[in-house]
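See structure below.
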Amino acid sequence: MRGATPYLLAAIGLALFLGIWEAVPRLGLLPPTLLPAPSQLPAAFLREAKSGIWGDSVLFSLWHYAIGLACGTGFGIVLGVATGMYRPFDWALAWIVRVLRPIPGLAWVPFAILWFGIDQTAAVFIIAIGCFWIVFFAAQGAIRGVDRDLIEVAEAFGFKSGPEKLVKVLFPAALPGILIGVRTALGQAWMAVVASELFGVSGLGQRMQQASSLLATDIVVVYMLTMAALYGLVDTAFVFLQARLLAWKA
Amino acid sequence: MESVIAVEGLGIAFEQGGVRTEVLRGLDLKIAPGEFVAIVGPSGVGKSTLLRVLIGLATPSTGTVRLNPDIKADRAMALVFQDSRLLPWRRILSNVCFGLEKTQLSRVERRERALAALAGVGLRDVVGRFPHQLSGGQRQRVALARALAIRPAILLMDEPFSALDVQTREGLQDELIRVQSASGQTVLFVTHDIDEAVYLADRVVALGGRPGEVKISLNLDVPHPRRRDDVALRHSAARIREVLFAETIAREDWVI
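Residue numbers (this note's numbering), protein chains in the order written: chain A, 195 to 444; chain B, 338 to 593.
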């Protein structure tokens with residue numbers, strides 16, 4: 195039951211999905227404006243690509259995505275590690291975290307606009323918030339979960355200060371847990387991209403918003419698939435990187 | 338001869354939930370350069386705690402630990418744990434370099450020193466592997482190399498072979514003797530295995546009681562290589578057993 199079977203079944207599943215999707219508007223079960231058939235999509239994609247809008251939107255969104263992800267992940271790791279290492283710091287932040295944690299990125303849009311204007315920075319800010327919490331909690335948990343015995347090894351060999359222990363043992367030992375958080379953030383950040391561009395910052399989200407207000411649902415689907423493809427690429431690259439970084443795992 | 342380390346009147350007590358537990362009381366111990374001292378005693382007598390105090394992972398409540406300042410060493414002590422405690426993300430060579438990263442040595446010097454230490458325990462050919470790719474016995478030899486690489490004044494060993502199967506354990510005991518004889522390394526070896534203690538050590542110190550105290554200290558003047566069934570060693574082991582066993586009986590009688 196191995197060999198080519200998994201790939202074959204995956205192909206059958208995908209074909210079945212596309213077949214049903216194609217059949218529903220064709221058989222008139224739903225009007226094409228509510229559900230564009232997959233066969234319409236290549237043409238819609240070519241129109242978007244030729245006009246240059248698709249390329250520009252992708253580049254803008256990738257830029258927001260990369261910077262927002264980097265900021266959110268960076269702050270998340272730093273604060274997560276710090277609160278994981280130092281209890282008093284964790285206690286000091288505990289209620290600030292509880293107040294801010296449940297506020298979704300979208301709720302920050304008014305402030306993002308007020309603080310940064312209708313500007314790329316505002317989009318980056320919202321994406322960063324979306325990633326921050328995931329990575330923050332992952333890093334905090336990973337640091338707390340580091341085997342006490344390994345920390346003792348660091349101490350026994352003379353690495354007694356916090357920074358020394360962090361570099362020699364805590365961070366490398368916590369890395370698998372931190373990377374799980376980062377991988378979750380990779381997906382979360384794409385969701386935030388759409389939200390962050392809804393209010394007029396150029397990118398995939400803005401273009402989807404425009405298309406949907408014109409009922410150009412085929413264009414909307416083109417961008418949905420674009421986003422899926424970009425996520426797929428980023429996630430695959432990340433899994434590859436992760437495997438390299440964690441080659442030491444059994 | 339001047340001792341490498343002089344422990345005087347050492348007492349260790351813990352306080353947990355307002356209850357004070359005295360683990361060790363009034364321990365005196367001097368170790369001469371190149372001497373191999375084994376400490377035996379039942380679980381909970383404070384053997385491991387003593388090592389933790391010496392290496393600085395715990396603080397004593399009374400007494401002093403004095404190191405001879407004339408002894409030349411990179412660091413005063415290195416510890417080999419019961420489980421190897423290698424860092425799983427580092428390759429073997431890098432694991433042995435670990436302790437050296439606290440020294441002033443250059444990268445190249447550290448590498449050379451680590452390679453020499455690994456060669457010393459016969460593991461020159463696994464330097465590029467990760468710990469999980471080694472057997473338990475190999476991992477413990479790497480842990481020994483990691484400790485020896487920093488050339489400590491005293492090598493502390495906390496039941497280092499107790500988690501291994503008999504064949505591996507006996508192989509590593511002989512290996513330790515070989516390495517120790519060749520380098521003249523001073524060793525303080527903790528074990529609950531009396532036979533292991535008398536087979537390895539120049540002197541065996543038996544701790545017993547609660548709080549733990551020295552019950553007997555025996556010199557073993559049998560030269561290496563020793564036979565495991567050597568009559569003098571058997572006799573010493575029997576005496577240690579007698580003392581520790583009498584102690585246990587007395588305590589259990591008292592409880593009943």
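C-beta: ideal position from N, C-alpha, C; glycine also.
Residue i, DSSP secondary structure in three states
| i | result |
| --- | --- |
| Lys552 (chain B) | strand |
| Asp495 (chain B) | strand |
| Thr396 (chain B) | coil |
| Val218 (chain A) | helix |
| Thr386 (chain B) | helix |
| Asp566 (chain B) | coil |
| Phe211 (chain A) | helix |
| Val376 (chain A) | helix |
| Arg403 (chain B) | strand |
| Ile261 (chain A) | helix |
| Ala375 (chain B) | strand |
| Gln382 (chain A) | helix |
| Val387 (chain A) | helix |
| Asp532 (chain B) | helix |
| Thr227 (chain A) | coil |
| Leu581 (chain B) | helix |
| Asp558 (chain B) | coil |
| Thr440 (chain B) | coil |
| Gly394 (chain A) | coil |
| Gly381 (chain B) | coil |
| Glu446 (chain B) | helix |
Exposed unless 16 or more other CB atoms sit within 10 angstroms - verdict on residue i
| i | result |
| --- | --- |
| Tyr536 (chain B) | buried |
| Phe434 (chain A) | exposed |
| Lys362 (chain A) | buried |
| Trp289 (chain A) | exposed |
| Leu223 (chain A) | exposed |
| Phe351 (chain B) | exposed |
| Asp495 (chain B) | buried |
| Val479 (chain B) | buried |
| His258 (chain A) | buried |
| Gly249 (chain A) | exposed |
| Trp327 (chain A) | buried |
| Leu419 (chain A) | exposed |
| Val542 (chain B) | buried |
| Ser520 (chain B) | exposed |
| Ser406 (chain A) | exposed |
| Arg653 (chain B) | Because chain B is modelled from 338 through 593, residue 653 (chain B) falls outside the range shown and cannot be assessed. |
| Leu513 (chain B) | buried |
| Thr227 (chain A) | exposed |
| Tyr201 (chain A) | exposed |
| Pro230 (chain A) | buried |
| Trp309 (chain A) | exposed |
Range of the contiguous beta strand (DSSP E) that encloses residue i
| i | result |
| --- | --- |
| Ile349 (chain B) | 342-353 |
| Thr358 (chain B) | 356-368 |
| Ala415 (chain B) | 412-417 |
| Leu525 (chain B) | 523-527 |
| Ala444 (chain A) | Counting along the chain, Ala444 (chain A) falls outside any beta strand (DSSP E), and DSSP gives it neither H nor E. |
Below-9 Å beta-carbon distance, residue i vs any chain E residue
| i | result |
| --- | --- |
| Val347 (chain A) | Absent from the structure is chain E; the protein chains it does hold are A and B. |
Chain A contact residues for residue i, given Cβ-Cβ distances below 7 Å
| i | result |
| --- | --- |
| Phe467 (chain B) | Trp442 |
| Lys439 (chain B) | Phe351, Gly352, Phe353 |
Residues that residue i contacts on chain A, provided the C-beta gap is smaller than 8 Å
| i | result |
| --- | --- |
| Gly436 (chain B) | Phe351, Gly352 |
Enclosing alpha helix (DSSP H) for residue i [first to last residue]
| i | result |
| --- | --- |
| Asp412 (chain A) | 411-439 |
| Gly545 (chain B) | Counting along the chain, Gly545 (chain B) falls outside any alpha helix (DSSP H), though it belongs to the beta strand (DSSP E) covering 540-545. |
| Phe435 (chain B) | Element bounds for Phe435 (chain B): n/a, residue is neither H nor E. |
| Ala405 (chain A) | 398-407 |
| Ala198 (chain A) | Note, Ala198 (chain A): premise wrong, no alpha helix (DSSP H); not H, not E. |
| Leu423 (chain B) | Premise fails: Leu423 (chain B) is in no alpha helix (DSSP H) and is neither H nor E. |
| Ala238 (chain A) | 235-244 |
Neighbouring residues, chain B, relative to residue i (Cβ below 9 Å)
| i | result |
| --- | --- |
| Val363 (chain A) | Leu424 |
| Pro304 (chain A) | The contacting residues do not exist; Pro304 (chain A) stays about 44 Å from chain B at best. |
| Asp343 (chain A) | Phe418, Asp420, Arg422 |
| Pro357 (chain A) | What Pro357 (chain A) touches in chain B: nothing, since even the nearest Cβ is about 13 Å away. |
Residues that residue i contacts on chain A, provided the C-beta gap is smaller than 9 Å
| i | result |
| --- | --- |
| Leu394 (chain B) | Glu346, Glu349, Ala350 |
| Arg412 (chain B) | Phe351, Gly352 |
Residues that residue i contacts on chain B, provided the C-beta gap is smaller than 8 Å
| i | result |
| --- | --- |
| Pro226 (chain A) | What Pro226 (chain A) touches in chain B: nothing, since even the nearest Cβ is about 54 Å away. |
Residue i: contacting residues in chain B (beta-carbon distance under 7 Å)
| i | result |
| --- | --- |
| Pro236 (chain A) | In chain order: nothing, as chain B lies at least about 47 Å away. |
Distance cut-off 8 Å: residue i Cβ against heavy atoms of the ligand MG
| i | result |
| --- | --- |
| Ile514 (chain B) | Absence of the ligand MG is noted for the structure shown, with no ligands found whatsoever. |
**Prompt:** Enumerated in chain order, which unbroken segments of the alpha helix (DSSP H) with a length of 4 residues or greater are wholly contained in the stretch 281-362 of chain A?
**Reply:** 281-294, 303-310, 314-338, 342-350, 356-359
**Prompt:** What are the start and end residues of each continuous beta strand (DSSP E) run of 3 or more residues lying completely inside the stretch 457-503 of chain B, in chain order?
**Reply:** 489-495
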